[in-house]
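Trainee: Protein sequences appear in the order of chains A and F. FYI, the numbering for the first sequence is 25 to 895, going by the working numbering. FYI, the numbering for the second sequence is 18 to 133, going by the working numbering. Yeah, the Cβ is synthetic: ideal placement off N, Cα and C, and Gly gets one too. I am attaching a structure below and will ask some questions about it afterwards.
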Amino acid sequence: MKKSSPTSSFALRFLAWFCPPSLYESIEGDLLEQFQEDAQAFGEKQAYQKLFWNAIKFLRPGIILRNKFSLNLFDQFMFLNYFKVASRVMIRNKAFTLINVFGLTLGLTGAILLFLWIGREFTYDQFHADKDRIYKAWNRATDNGNISCWDVTPRVLAPTLQEGFSSIESAVSYASWGDQLLFTVGENRLLKSSGAYTDSSFLHIFSFPLLKGDAHTALREPASIVLTEHFAKELFGDKDPFGETLNIGASGNTFPLKITGILKDLPTNTEFKFEYLIPFHFVDQLQGGMERNWGNNSVASYIKLKAGSNLESVNQQIKDIARKNRGQSKNIDIFLYPLTEMRLYSKFENGIPSGGRIEIIRMLAILGTCLVVIACINFINLSTARAQRRAKEVAVRKVSGAFRFSLVAQFLCESILTAAAAGIVSVGVAYLVLPLFSNLVQQPLKLDIASPIVWGVGLVFTIIIGALAGVYPALYISSFQPVKILKGMKLSASTRSITRNFLVVIQFGFAVMLVISAIVIQRQINFVQNRDTGYSKDHLLYQYMTGDLSKNYLAYKNELLQSGIAESVTKTSAPITERWSNTSSIGWNGKDPQTNILFERFYMDEHISSTAKFTLVEGRDMDLTRFPSDSTAVIINETSAKAMGFQQPIGELITDNGQEWHVVGVVKDFVLTSPFQKVEPLLLFGCKSDWAFNVIHIRLNANDNAQQSIAKLSELAKKYNPGYPFEYHFVDVEYENKFANLKTTQLITNIFSAIAIIIAGLGLLGLSTYMIEVREKEIGIRKVMGGSVANITQLLTTTSLKPIFIAIVLFSPFGWMSMKWWLNSYAYRIDLTFLTIAYAAAAILFISVSIISVQVIRAAKANPVDTLRNE
Amino acid sequence: MTKHIDMGKEYLGEFEELVLTMVGILQEEAYGNAIVNEIKERVGRSCNLSAVHVTLYRLEDKGLIKSSMGGATNARGGRRKRIFTITNSGLAMLRAMKEQQMQLWKLIPQLKIVGS
């Protein structure tokens, strides 16, 4: 029977903890004396209770404050000793330390990079002084029960809001249409499309500081312009540009604009991207007055509320403003959405905010955390697996009077030291690879390696990670009972193997999921890249119709064709890789008034089919020489023909905004916008709308050398468009750009899958090395009894592979489902087959087997004499 | 008015005075538990050990008593006692307080016992 003694009661131990040591002995003595008296007077049970309360009552300032805090709470000598022992252990087991430090370094470096990225995402547009009062206007349209939201609004919305509502301080239209302007300053000419049009209070609403000029007046005059410092330098060199005049050329005309402000270059963590700002009045004047059409959504509208206004009530007030002004039954509400949410939370589903970029950010955070976790698992597994080696040490320490607490502290010191080593290295590595990574994710990330905050945060995290990784091994190892250990009992290698296997399952499960995503992304990219675009991208280029090109187009075209540089030339409204305009108000014979199909508009003059090498399914290409009436002809794609329900499309009439077009041909579907999505219904209108043309597509002669063709082309361009620099775009290059985002995703997934596999592989290496060490004698005996190398290899390998099999079985469904979810955002996508999982499983198994078998075969080959002679 | 007694800067609370007196009474046997028991026996008042300890330390801070480690007994699980002895200034303090009380006592009109 276990006999409790008053000296070991909780209350006394507690008392010992807070009581100054100099007073403790006499107090404890008094308490014990009292206890004896009470025990005689009331019995032992009551005496214990009294002892408890008597001891607890010492918890009073009169006692506690007599502690000398500075020295006694912290046993520095023991701590120094812990660190000494820890560093000795680490140095003695170099391979073990290396695996741990290297694994943790990889994991931590990955996590640092990811969390730097994540942290930066949250700083977007948070620097505006009044950010909490700035909103962007959105439309919410209900159409046949579907609610859709978008943030492009009519030009007239902002002025209307500013005039009509007292709680709105100011409102501006903002448009960055990407139209090319030619900037001329003296001899210096630059083509730029990186500017925006906006209203005068823009510089008030947002905190983009002006280096020169007055924020109130800078954008007030129509003929003024505000430049960023960088762009001003590009234009003017070292001359002071403020107050100077520059000329811009747009659609064939030249306008002088006065520079009324120089902006500090924009910070990179903003959704705004412009190098110059031109007042909207300028555009309004060009168009002969402000665009007042409420049906034309063409600009973004930013609104700043007065301080103290309530968003809800403002939203109520402005809700029906578009409906009222449009005078149409269209069910469109206007509402305001906070600027600070635009970066991460700007996805709407059925009219309700439903995440957005934040979903990616969450995935990244999970990824970063998982990397650290699987690195920590290595530490836990290797430490517990190797516990046998430390058992004697623990036993001797305990016998010499070590408390369990101090043993735990000692082992925690080891893990924190490991984490610290990894932490320091990984901050360094992260610092070095950051430029590469920034480039990869297209975010200028910074790690201020000299800042004490970085190191402070790093230190805290290192200690937390070290403690997390170390706490389980420390508790486990320190729990050994010295008597058993010193009597010579061996810990069985499998004591903790369930925990260990569980952790290995998690590690490899994570690796399996990453490998599955890497494979799926790779296959999806290949699949889409091999998609038949419906036209020939090779030898096809386009130029913007700048300056005199629109005037000289015909002559230019003729010379191109006659000189043999080009096979076919077509002018169009936009590059064939880009959407230009769309509409849902196309009319045709037999249209059901309920249908609401969005058609893409594309304008061209003639020969589009031979320029782009479309496949004509029916009818003919446009040819203005043979059929002058083709200026009002239209070629439709197959999807359009299907959408309009034409049996015989040729000769049908299509109306757009009052203009009638007759169908002369049907082309096979081709990819205009995104190769990942379905082909949209598309109408290729003739040249009747002559204002629409911006681009010349040229099909080069396939037999010529492209280099020489470009050289000849540049001469011709100089001849017909002397005022502008020569520029051109190859369609295949532009098309490839559509994959840039996905390729970044792919690269990131590949990198982090590799890191995860390396960390897990390292752990496996450590574990299998250790397992073989433990089973050395077993292997020897098996060999003596006649086991073959192959037999033994097979036996040992299968044992180690079991958790990996389980990981594959348990986690590949998760990988499968998440990739299914990912693929769902693409209309043109691969089918997920079980082959994908099989590939991933094979890859993981191959790596695991190669790690394990190298060790196992070496062990199985060893001469049993060497391993057995000691006994 | 009558003579004013200088109490010094320190002032003793009622419980402090009681404990100080007990230290004076118990002489070599003045340690925490003994004082608790003595108070109970002589004044009939039960007080908590921790309160006595804290008071003793406070009195020691004021220089009215001093302490030294004494012998251990079995009943104490081998822990030594902290024995307190009253110092001269402690005695002076007690004396002064007693005199002050006596003087004040004398000022009260003596009551006659009626009806006996």
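Note down, in chain order, every chain F residue with its Cβ under 9 Å from the Cβ of A/Phe82.
Mentor: Those are Leu66, Ser67, His70 and Val71, listed as they occur along chain F.
Trainee: Would you report the Cα separation of A/Ser877 and A/Ala445, rounded to the nearest angstrom?
Mentor: Distance between the alpha carbons of A/Ser877 and A/Ala445 is about 30 Å.
Trainee: I'd like the list of long-range same chain contacts for A/Gly787, defined as Cβ closer than 8 Å, with 5 residues on each side in sequence excluded.
Mentor: Answer for A/Gly787: Ile123, Gly127, Ile398, Ile401, Asn402, Asn405, Leu406, Val528 and Gln531, listed in chain order.
Trainee: Express the C-alpha separation of A/Gly675 and A/Phe651 in angstroms, rounding to a whole number.
Mentor: Spanning the two alpha carbons is a distance of roughly 14 Å.
Trainee: Identify every run of the beta strand (DSSP E) within the segment 139-220 of chain A, keeping only runs that are complete inside it and at least 3 residues long; order them along the chain.
Mentor: Counting only runs of 3 or more, we get 158-167, 170-174, 192-199, 205-209 and 212-216.
Trainee: Going by DSSP in three states, F/Ile82 sits in which element: helix, strand or coil?
Mentor: Strand at F/Ile82.
Trainee: So within the segment 251-282 of chain A, which uninterrupted beta strand (DSSP E) runs reach at least 3 residues, ignoring any that extend past its ends?
Mentor: The segment 251-282 of chain A contains these whole beta strand (DSSP E) runs: 269-274.
Trainee: Quick one: which residues of the segment 57-78 of chain A get their C-beta closer than 7 Å to a C-beta of chain F? List them in chain order.
Mentor: The residues in question are Glu57, Gln58, Gln60 and Asn78.
Trainee: Helix or strand or just coil, what does DSSP make of A/Tyr794?
Mentor: In the structure shown, A/Tyr794 sits in a helix (DSSP, three-state: H, G or I).
Trainee: Between which residues of its own chain and A/Met569 is the CB-CB distance below 8 Å, once the five residues before and five after are set aside?
Mentor: Around A/Met569: Tyr577, Lys595, Phe717, Asn718, Val719 and Ile720.
Trainee: Which whole-angstrom value describes the C-beta separation of A/Phe694 and A/Gly558, a residue pair presumed to lie in contact below a C-beta threshold of 8 Å?
Mentor: Indeed, because the Cβ distance is near 3 Å, the residues count as touching under 8 Å.
Trainee: Given a cut-off of 8 Å, decide if A/Ile868 and A/Asp832 are closer than it, judged by their beta-carbon atoms.
Mentor: It should be pointed out that residue 832 of chain A corresponds to Ile in this sequence rather than to Asp. Contact: yes.
Trainee: When the Cα of A/Ala865 is compared with those of A/Thr768, A/Phe260, A/Gly533 and A/Ser812, which residue comes out closest?
Mentor: The residue with the shortest Cα to Cα distance from A/Ala865 is A/Gly533.
Trainee: For A/Ser812, count the other beta carbons within 10 Å of its own beta carbon; 16 or more makes it buried, fewer makes it exposed. Which is it?
Mentor: A/Ser812 is exposed by the Cβ-count criterion.
Trainee: Who are the near neighbours of A/Arg144 in its chain, counting only those whose CB is closer than 7 Å to its CB and skipping five residues on each side?
Mentor: Cβ neighbours of A/Arg144 beyond the five flanking positions: Asn293, Gln467 and Leu469.
Trainee: Are A/Gly689 and A/Glu642 touching if we call contact CB-CB under 8 Å?
Mentor: Yes, Cβ-Cβ distance for A/Gly689 and A/Glu642 is below 8 Å.
Trainee: So which residues of chain A does F/Tyr28 contact, with C-beta pairs closer than 7 Å?
Mentor: Those do not exist, as F/Tyr28 stays about 18 Å from chain A at its closest Cβ, beyond 7 Å.
Trainee: My output table needs one value for A/Gly804: the three-state DSSP class, helix, strand or coil.
Mentor: A/Gly804 falls in the helix class under three-state DSSP.
Trainee: Can you tell me whether A/Glu624 is buried or exposed? The criterion is at least 16 other CB atoms within 10 Å of its CB, across all chains shown.
Mentor: That one is buried.
Trainee: If the cut is a Cβ gap below 9 Å, which residues of chain A does F/Lys79 touch?
Mentor: None at all; the shortest Cβ gap to chain A is about 13 Å.
Trainee: Within the segment 383-437 of chain A, note down every full alpha helix (DSSP H) run reaching 4 residues or more, in order along the chain.
Mentor: You should have 411-423.
Trainee: Leaving out five residues before and five after A/Tyr361 in sequence, what residues of the same chain have Cβ atoms less than 7 Å from its Cβ?
Mentor: Counting only Cβ-Cβ distances below 7 Å, and skipping sequence neighbours, we find Tyr159, Lys160 and Trp162.
Trainee: Please compile the residues from chain A whose C-beta is within a distance smaller than 7 Å of the C-beta of F/Lys98.
Mentor: Within chain A, the residues near F/Lys98 are Ser50 and Gly53.
Trainee: Can you find a C-beta in chain A that's less than 8 Å from the C-beta of F/Asn105?
Mentor: Chain A contact via Cβ: absent.
Trainee: Within 8 Å, do at least three Cβ pairs link the segment 783-800 of chain A to the segment 871-886 of chain A?
Mentor: They touch, by the three-pair rule.
Trainee: Can you find a CB in chain A that lies within less than 8 Å of the CB of F/Arg75?
Mentor: So yes, F/Arg75 belongs to the interface.
Trainee: With respect to the beta strand (DSSP E) encompassing A/Val539, which residues constitute its N-terminal and C-terminal limits?
Mentor: Unbroken run through A/Val539 is the alpha helix (DSSP H), Ser521 to Gln553; no beta strand (DSSP E).
Trainee: Where are the beta strand (DSSP E) runs, 3 residues long or more, that stay fully inside the segment 569-619 of chain A, in chain order?
Mentor: Listed in chain order, the complete beta strand (DSSP E) runs (minimum 3 residues) inside the segment 569-619 of chain A are 590-596, 605-607 and 610-612.
Trainee: With a threshold of 8 Å, are at least 3 pairs of Cβ atoms found where one atom belongs to the segment 425-440 of chain A and the other to the segment 482-498 of chain A?
Mentor: Judged by Cβ distances under 8 Å, the segment 425-440 of chain A makes contact with the segment 482-498 of chain A, as three or more pairs qualify.
Trainee: Once the 5 residues before and after F/Leu124 are set aside, which same chain residues still bring their CB inside 6 Å of it?
Mentor: Correct list: empty, nothing qualifies.
Trainee: Does A/Thr31 have its Cβ less than 8 Å from a Cβ in chain F?
Mentor: True, the Cβ-Cβ gap to chain F drops below 8 Å.
Trainee: On the DSSP bridge list, what partners appear for F/Glu77?
Mentor: F/Glu77 is not bridged to any residue.
Trainee: Which residue from A/Arg316, A/Ala433, A/Ser218 and A/Val418 puts its Cα closest to that of A/Lys508?
Mentor: Minimum Cα distance to A/Lys508 is reached at A/Val418.
Trainee: Any C-beta of chain F sitting closer than 8 Å to the C-beta of A/Phe34?
Mentor: No, its Cβ sits nowhere closer than 8 Å to a Cβ of chain F.
Trainee: Please state whether DSSP places A/Met628 in a helix, a strand or coil.
Mentor: Three-state result, A/Met628: strand.
Trainee: Considering only residues of the same chain and omitting the five flanking positions on each side of A/His228, which have a CB-CB separation below 7 Å?
Mentor: Counting only Cβ-Cβ distances below 7 Å, and skipping sequence neighbours, we find Ser194 and Ala239.
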